[in-house]
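Chemist: What follows is a single structure, and I will ask about it in a moment.
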Amino acid sequence: MVALIDSPRNLHAQGRLTLQTAEIAAETTAFRCLDWDRDRFDIEFDLKNGTTYNSFLIRGDKTALIDTTHAKFREQYLAYATENINPFELDYLIVNHTEPDHSGLIKEILAWAPHVVVVGSKVAIQFLENMIHQPFETMVVKSGHELDLGQGHKLSFVSAPNLHWPDTIFTYDAGTRVLYTCDVFGMHYCDDFLFDETPHLLEADFRYYYDCLMGPNARSVLMALKRIDNFEVDLVATGHGPLLRYHRQSWMEKYRQWSQNQVQTETFVALFYVEEYGYSDRIVKAIAEGISKTGVAVELVDMSVADSHEVRELAHSAAGIVVGMPPQLDQNAAMHPALSTLLTSVNSKQSMGLFETGGGHDEPIYPVRNRLQAIGLKEVFPPIAIKDTPSQSTDQLCYEAGIDLGQWLTRDKSVQQSKQIDAHLDRALGRISNGLYIVTAKKGDLSSAMIASWVMQASLEPLGVAISVAKDRAIEMLLHGGDRFVLNVLEEANYQPLMKHFLKRFPPGADRFAGIDTYPANNGSPILAKALAYIECEVSNRYECSDHMIVYATVKTGRVAKRDGLTAVHHRKASNHY
Ligand SMILES: Cc1cc2nc3c(=O)[nH]c(=O)nc-3n(C[C@H](O)[C@H](O)[C@H](O)COP(=O)(O)O)c2cc1C
173 MVALIDSPRN
183 LHAQGRLTLQ
193 TAEIAAETTA
203 FRCLDWDRDR
213 FDIEFDLKNG
223 TTYNSFLIRG
233 DKTALIDTTH
243 AKFREQYLAY
253 ATENINPFEL
263 DYLIVNHTEP
273 DHSGLIKEIL
283 AWAPHVVVVG
293 SKVAIQFLEN
303 MIHQPFETMV
313 VKSGHELDLG
323 QGHKLSFVSA
333 PNLHWPDTIF
343 TYDAGTRVLY
353 TCDVFGMHYC
363 DDFLFDETPH
373 LLEADFRYYY
383 DCLMGPNARS
393 VLMALKRIDN
403 FEVDLVATGH
413 GPLLRYHRQS
423 WMEKYRQWSQ
433 NQVQTETFVA
443 LFYVEEYGYS
453 DRIVKAIAEG
463 ISKTGVAVEL
473 VDMSVADSHE
483 VRELAHSAAG
493 IVVGMPPQLD
503 QNAAMHPALS
513 TLLTSVNSKQ
523 SMGLFETGGG
533 HDEPIYPVRN
543 RLQAIGLKEV
553 FPPIAIKDTP
563 SQSTDQLCYE
573 AGIDLGQWLT
583 RDKSVQQSKQ
593 IDAHLDRALG
603 RISNGLYIVT
613 AKKGDLSSAM
623 IASWVMQASL
633 EPLGVAISVA
643 KDRAIEMLLH
653 GGDRFVLNVL
663 EEANYQPLMK
673 HFLKRFPPGA
683 DRFAGIDTYP
693 ANNGSPILAK
703 ALAYIECEVS
713 NRYECSDHMI
723 VYATVKTGRV
733 AKRDGLTAVH
743 HRKASNHY
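Its first residue numbered 173, the sequence shown is counted upward by one per residue in this note's numbering.
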């Protein structure tokens, strides 16, 4: 009934999308969907060598399909599957990760084999339920769980959260010593070669893929590697690119090395929350985005699925801790287990911030806050309590709280860096002078402002200005392509009160215009009534300049309040501040 193909071969060619199938171990088939011409992955990920989406079939007494493929392979993949697999004999669909390039045909598989049990992490099953909108049998697995398919195919599962997505698991078949890792150890590389016999051709893509997808979560990579240390692995069956057989140890060792190098130098904040509880997911992501703007790394930890070892390790080694209060398990029961582990793992050198989102059923915030403060953690932003549906203003508040935490953690580094500049150069650069301006922006319910002096006219046709904005400025989120703002020019005779006001340290989410006279420009942003002149601008380009973004904007209209007024000029003495 099943026609397995002995050697790799392209089947069902359809333009530059081809399907390769091959037997890779006893009773185990790989279906590799070869996407020869794909040149982009996610938004910013340039591909040079296309990619593949790999799916696998194991036939013991029970049969399991591991991952599916991208929906663009619907016709070829399903034609092959329906020809070669009896749907009544397909028992399990193991989902190592739910991104659409691997889960694109799950709905079709469920329609074809409705009794199939979908196996995945708790988060993966939740993602799928939201994606598929139809009932299906599920089996939630995490590290330590096993599934015996018979004929020696004893599967073990390993949780690998944050290895690109929070839902990731690995599946290990002890019978064939194949480790199925989906995205992890993958590379975007499309070729007829099934295995990794040509490492020199693959290395650059392997590294690029690691840097883009895995490097940002180097700590989670190390934790996942630790969990698979005891497995004897003959083949790493990844979800993208060739399968790693000949040089598998060296590829895995590279992940270890790169991740170790990264975590040694990196300051990071661990954010503990419960993915599916209240609005935690949205809040934690906004805080994490703010932290990232300051160059500090983030590790998101879902307390409902993380094991205690992971919670302990991250809570112990992070420079900062953010806790989104988890739901109370039972009014009378002890504290949420992950929270108790966290409280015994933190130390007085760390900083922290707390939030609650559940609307009354959370672990109470103040006893936890008191305990953290008693241990000596420094609270960087006041507890954030979200009771209603979050709005854009909530996102802004959380984003700004994240920026405050990141800036607090990097304060010494900034001072050290500025001390390293050669004194002569520092003074010479300091002689570059500019005017003084306040940039103001309003978008929907959000508004913000910042003092700027790194401002210049940048083009004549069309008329345009450029402003250098530090990546961790609160207003940065309102200065993306197409956003509008006002450049308020300050006057030599009266700039001081405005400068004093806008230099205040505003708490997260504060209204920066309270007590300031403004009126709306045509583009909706506030014009400062006491400015010498204003110019209405629209962002057309942004250029990355390490710690700043140069925001280039075309200018639409402008007015001067006093014809004979002089622009305030900012003379400075050193290059290490504005
Ligand atoms: C004289 C002066 C000029 C400044 N110019 C700039 C600038 O051009 N770009 C910038 O990103 N920040 C500049 N800053 C820094 C900030 O605007 C300022 O520290 C900010 O108000 C802090 O706000 P935040 O909470 O939005 O980060 C300047 C600060 C001063 C005192």
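Idealized CB from N, CA, C, for every residue including glycine.
From G681 to L618, what distance separates their C-alpha atoms?
Modeler: In a straight line, the C-alpha of G681 is about 9 Å away from that of L618.
Chemist: Apart from the five residues just before and just after A198, which ones in its own chain have a Cβ nearer than 6 Å to its Cβ?
Modeler: Result list for A198: T348, in chain order.
Chemist: By how many angstroms is the C-alpha of F678 removed from the C-alpha of R543?
Modeler: Roughly 27 Å separates the two Cα atoms.
Chemist: Would you tell me roughly how many angstroms separate the C-alpha atoms of K279 and I304, rounded to the nearest one?
Modeler: Distance between the alpha carbons of K279 and I304: 6 Å.
Chemist: Would you report the Cα separation of V350 and V288, rounded to the nearest angstrom?
Modeler: C-alpha separation (whole angstroms): 22 Å.
Chemist: Just the C-alpha distance for L374 and V641, rounded to the nearest angstrom, thanks.
Modeler: Going from the Cα of L374 to the Cα of V641 covers about 38 Å.
Chemist: Is it the case that the CB of A647 approaches a heavy atom of ligand 1 more closely than 7 Å?
Modeler: Checking the displayed sequence, the identity of residue 647 turns out to be Ile instead of Ala. Result yes, Cβ under 7 Å from ligand 1.
Chemist: Spatial neighbours of V477 within its chain, please: C-beta separation below 6 Å, excluding the five flanking residues on both sides.
Modeler: Taken in chain order, the residues that qualify are K294.
Chemist: What separation, rounded to the nearest whole angstrom, lies between the Cα atoms of D178 and L229?
Modeler: With a pLDDT of only 35 at D178, under 50, the local geometry of the prediction cannot be trusted, and no value is derived from it.
Chemist: What does the alpha-carbon distance come out to for the pair A332 and F213?
Modeler: Rounded to the nearest angstrom, the two C-alpha atoms are 22 Å apart.
Chemist: In terms of alpha-carbon separation, which member of L443, R417, F403 lies closest to N389?
Modeler: Nearest of L443, R417, F403 to N389, Cα basis: L443.
Chemist: Hey, quick one: how far does the beta strand (DSSP E) through L366 stretch, first residue to last?
Modeler: No beta strand (DSSP E) contains L366, which DSSP labels as neither H nor E.
Chemist: Express the C-alpha separation of F357 and K615 in angstroms, rounding to a whole number.
Modeler: Approximately 42 Å, taken between the alpha carbons.
Chemist: If you run the structure through DSSP and keep just helix, strand and coil, what is R204?
Modeler: Three-state result, R204: strand.
Chemist: In whole angstroms, give me the CA-to-CA distance for G607 and A573.
Modeler: Straight-line Cα distance between these residues: approximately 30 Å.
Chemist: So what does DSSP say about N268, is it helix, strand or coil?
Modeler: Coil, per DSSP.
Chemist: Closer than 8 Å by C-beta to P669: which residues in its own chain qualify, once you throw out the five before and the five after it? Chain order, please.
Modeler: Answer for P669: K702, listed in chain order.
Chemist: When the Cα atoms are used, what is the spatial distance from E369 to R417?
Modeler: Whole-angstrom Cα-Cα distance: 8 Å.
Chemist: Among residues of its own chain, excluding the 5 on either side of E528, which ones have a beta-carbon nearer than 6 Å to its beta-carbon?
Modeler: The answer, listed in chain order, is M497, D534, I537, A557.
Chemist: Go through its chain and collect everything with a Cβ distance to L662's Cβ below 8 Å, but skip five positions before and after it.
Modeler: Within the same chain, L662 has close Cβ partners G607, L608, Y609, I610, L670, M671, A703, L704, T739, A740.
Chemist: Looking at C-alpha atoms only, which residue of D644, M649, K559 is the closest neighbour of L577?
Modeler: Nearest C-alpha to L577: D644.
Chemist: Return the CA-CA distance between L397 and Y427, expressed in angstroms with no decimal places.
Modeler: Each residue's Cα considered, the two are about 9 Å apart.
Chemist: Looking at the unbroken beta strand (DSSP E) that takes in H720, where does it start and where does it end?
Modeler: First-last of the beta strand (DSSP E) with H720: 720-732.
Chemist: Rounding to the nearest angstrom, what Cα-Cα distance links N660 and I707 in this structure?
Modeler: So the two alpha carbons sit approximately 7 Å from each other.
Chemist: Taking the C-alpha atoms as reference points, what is the distance between E633 and C717?
Modeler: Their Cα atoms are separated by approximately 24 Å.
Chemist: Alpha carbons only, please: which of G450, T582, S227 is nearest the one belonging to D719?
Modeler: It is T582.
Chemist: Tell me whether D178 sits in a helix, a strand or coil according to DSSP, three-state version.
Modeler: For D178, the predicted structure reports a pLDDT of 35, less than 50, and the residue's modelled location is therefore unreliable. A value from the coordinates is still provided. Three-state DSSP puts D178 in coil, outside helix and strand.
Chemist: Which class does V518 belong to by DSSP, given the choice of helix, strand or coil?
Modeler: Note: V518 maps to coil in three-state DSSP.
Chemist: If we require 4 or more residues per run, which alpha helix (DSSP H) segments fall completely within the stretch 443-510?
Modeler: Taking only runs of at least 4 residues, the alpha helix (DSSP H) segments lying wholly in the stretch 443-510 are 452-465, 480-489.
Chemist: Taking 7 Å as the cut-off, does the CB of W626 come closer than this to any heavy atom belonging to ligand 1?
Modeler: Yes, Cβ of W626 sits closer than 7 Å to a heavy atom of ligand 1.
Chemist: To the nearest angstrom, how far is it from the Cα of G525 to the Cα of M386?
Modeler: Roughly 26 Å between the two C-alpha positions.
Chemist: Since T343 and L327 are thought to touch, with beta carbons under 8 Å apart, how far apart are those beta carbons, to the nearest angstrom?
Modeler: With a Cβ gap of about 6 Å, T343 and L327 count as contacting.
Chemist: Residues in its own chain within less than 6 Å of M475 by CB, not counting five upstream and five downstream?
Modeler: Only F444, V446, P498, A510 meet the Cβ criterion.
Chemist: Taking only three categories from DSSP, how would you classify L183?
Modeler: No answer about L183 holds up, because its pLDDT of 42 lies below 50 and its placement is not dependable.
Chemist: For H274, count the other beta carbons within 10 Å of its own beta carbon; 16 or more makes it buried, fewer makes it exposed. Which is it?
Modeler: H274 should be labelled buried.
Chemist: Alpha carbon to alpha carbon, what distance is there between G530 and D363?
Modeler: For D363 and G530, the distance between alpha carbons rounds to 49 Å.
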